[in-house]
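For what it's worth, full-length UniProt numbering labels the leading residue of the sequence shown as 1, then goes sequentially. Just so it is clear, CB atoms sit at the ideal spot from N, CA and C, and this is done for glycine as well. Model, not experiment: these values are computed from the prediction.
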Amino acid sequence: MPRKSGTLGDVARSVMEYVTNVYFVGTFSLEPLPGSGHVVNSLDELVKLRRRHGVDVHPKLLEAARVHERTVSSLQARKVTGSSFGTPYDSSAILYLYPVTIGGKTMRVSLSTANSDFWVYSSLQNKTQLEGHNFYTVNPDHIKKSYIFITGYNGASDYDAVGRVYTEKVTIGGLTAEQAVGAAVAVSQHQLNTKRRDGMVGLGDKTLNTIQPDSQNTFIDNVKSQLAKKVFAITTKITGSIFDFGFIDPKKYTGSIAWVDNFFEENWSAYGFYGSGFSVGPSNVNITPRKMNIHLDSASTVTYVDPDIITSFYGKIKGAKFDNDRQYWTIPCNSNPPDFTVVIGGQKFVTPGCHLISINIDDSHKMCIGGLQNIGGGVDFSLFGINWFRGKYVVFDVSSDKVKLGFAKEAGQ
Numbered sequence: 001m002p003r004k005s006g007t008l009g010d011v012a013r014s015v016m017e018y019v020t021n022v023y024f025v026g027t028f029s030l031e032p033l034p035g036s037g038h039v040v041n042s043l044d045e046l047v048k049l050r051r052r053h054g055v056d057v058h059p060k061l062l063e064a065a066r067v068h069e070r071t072v073s074s075l076q077a078r079k080v081t082g083s084s085f086g087t088p089y090d091s092s093a094i095l096y097l098y099p100v101t102i103g104g105k106t107m108r109v110s111l112s113t114a115n116s117d118f119w120v121y122s123s124l125q126n127k128t129q130l131e132g133h134n135f136y137t138v139n140p141d142h143i144k145k146s147y148i149f150i151t152g153y154n155g156a157s158d159y160d161a162v163g164r165v166y167t168e169k170v171t172i173g174g175l176t177a178e179q180a181v182g183a184a185v186a187v188s189q190h191q192l193n194t195k196r197r198d199g200m201v202g203l204g205d206k207t208l209n210t211i212q213p214d215s216q217n218t219f220i221d222n223v224k225s226q227l228a229k230k231v232f233a234i235t236t237k238i239t240g241s242i243f244d245f246g247f248i249d250p251k252k253y254t255g256s257i258a259w260v261d262n263f264f265e266e267n268w269s270a271y272g273f274y275g276s277g278f279s280v281g282p283s284n285v286n287i288t289p290r291k292m293n294i295h296l297d298s299a300s301t302v303t304y305v306d307p308d309i310i311t312s313f314y315g316k317i318k319g320a321k322f323d324n325d326r327q328y329w330t331i332p333c334n335s336n337p338p339d340f341t342v343v344i345g346g347q348k349f350v351t352p353g354c355h356l357i358s359i360n361i362d363d364s365h366k367m368c369i370g371g372l373q374n375i376g377g378g379v380d381f382s383l384f385g386i387n388w389f390r391g392k393y394v395v396f397d398v399s400s401d402k403v404k405l406g407f408a409k410e411a412g413q
């Protein structure tokens, strides 16, 4: 299907333009909105992740994230062309947005497999926060009285978004459901830094969403009965991730699907599984056996792994540097990082090193943030982001309480 450029009004009038491969009732594929891709501040993302898991964030990392954002915003405000500050070396550092219609109005959201919250910008916010955003105009008749949502860390003391809860008809693709929607009263600077994004749709475990006093169904829970098969799958291309709902597309993968059991970590809604080993370098090098606690996040642009994997990875990159204060690795933007291989369900899945270079941190294009990082603070799990999804077809079988995850090599890889 050819993509069309146009205004957000065009999107609102024709959401189905971006819903493809509708084979029969209960199946569809959701593509990113054209022009919705935006570079993610990897430093800001690292701050957010460390706070989520109770890891101390050094003031110098906070300042580095702020400086990076201010510089990019200043260049954008002055419409400076030709500047390369903050640009990605791999498209995995770009986050794409998807159309969701709420109460008849279309918004641009990210879809996350590490989150179970459904919230959007709303008319309850200060107008200064709504600049450049589509937002949900709340209907007082649809409010869930005494219900609130708070996404973030340490309760309301370090929130990402906070607001009230309403019940609205929500449409994603060809499926519509009555959905509990968080209408933001305020959002954090981190959210404001993510330009054009009007909210988040979480696809994770409903029991761990942040609506209070009682958690509510996710969109997936509410539309399961409408799906031809109770599955969804992700293919990640250079132009963004495509989400298949209700079917597994045999044209999008090669070989067999490796199935593993899913588990949800306590107090976190991210899909998780155990890998059985890894290697750094060519795929024919020996695998280091290990039970790896791995989580999936389709809205994170960087992959986070164990310290010894980090040591091995950056030890093979000339010019790699670790900043002791900020606690992250940088590499020359023109370097050739080694491949990273993980064993899942008895199969090897390779992430080429070229996908493990994130955004540059200077205007000279000399140094970039490495696409593999460590969360720090003794956190004992891995978080695989968009750069790891590249080249794989990832399936989520939600047909029962015992969720299964499937992994296959993307066709053509």
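| Item | Value |
| --- | --- |
| Through-space distance from S36 to G246, alpha-carbon basis | 25 Å |
| Between the CA atoms of H133 and R197 - distance to the nearest angstrom | 7 Å |
| C-alpha distance - I369 paired with H142, whole-angstrom precision | 45 Å |
| Identity of the residue in Q212, F118 and A258 nearest G275 by Cα | A258 |
| Beta-bridge partners of R164, as assigned by DSSP | I148 and A183 |
| Extent of the continuous alpha helix (DSSP H) to which P307 belongs | P307 to Y314 |
| Closest residue to H190 among N209, K392, Y159 and L208 (Cα-Cα distance) | Y159 |
| Buried versus exposed, by CB contacts within 10 Å (16 or more), E31 | buried |
| As assigned by DSSP and simplified to three states, the class of D323 | strand |
| Contact set for G103: own chain, Cβ-Cβ below 7 Å, skip 5 residues either direction | Y136, N139, E168 and K169 |
| Collapsed DSSP secondary structure at residue 429 in the structure displayed | Residue 429 lies beyond the range of the chain shown here (1 to 413); nothing can be said about it. |
| Own chain residues within Cβ distance below 6 Å of A411, not counting five before or after | K252, Y253 and T254 |
| Assumed close pair I220, F149 - CB separation to whole angstroms, cut-off 8 Å | Incorrect: roughly 18 Å between the Cβ atoms, too far for contact. |
| Beta-carbon proximity of A112 to V185, cut-off 9 Å | A quick correction: the sequence has Ser, not Ala, at residue 112. Not a contact, by the Cβ cut-off of 9 Å. |
| Sufficient close CB pairs (3 or more, under 8 Å) joining the segment 395 to 404 to the segment 353 to 367 | no |
| Three-state secondary structure assigned by DSSP to K409 | strand |
| CA-to-CA distance, P352 to F384, given in whole angstroms | 14 Å |
| Residues that DSSP places opposite Y96 in a beta bridge | In the DSSP output, where bridge partners are listed per residue, Y96 has none listed. |
| Rounded distance between the beta-carbons of D244 and S29, thought under 8 Å | 5 Å |
| F273, enclosing beta strand (DSSP E) - first and last residue | Y271 to V280 |
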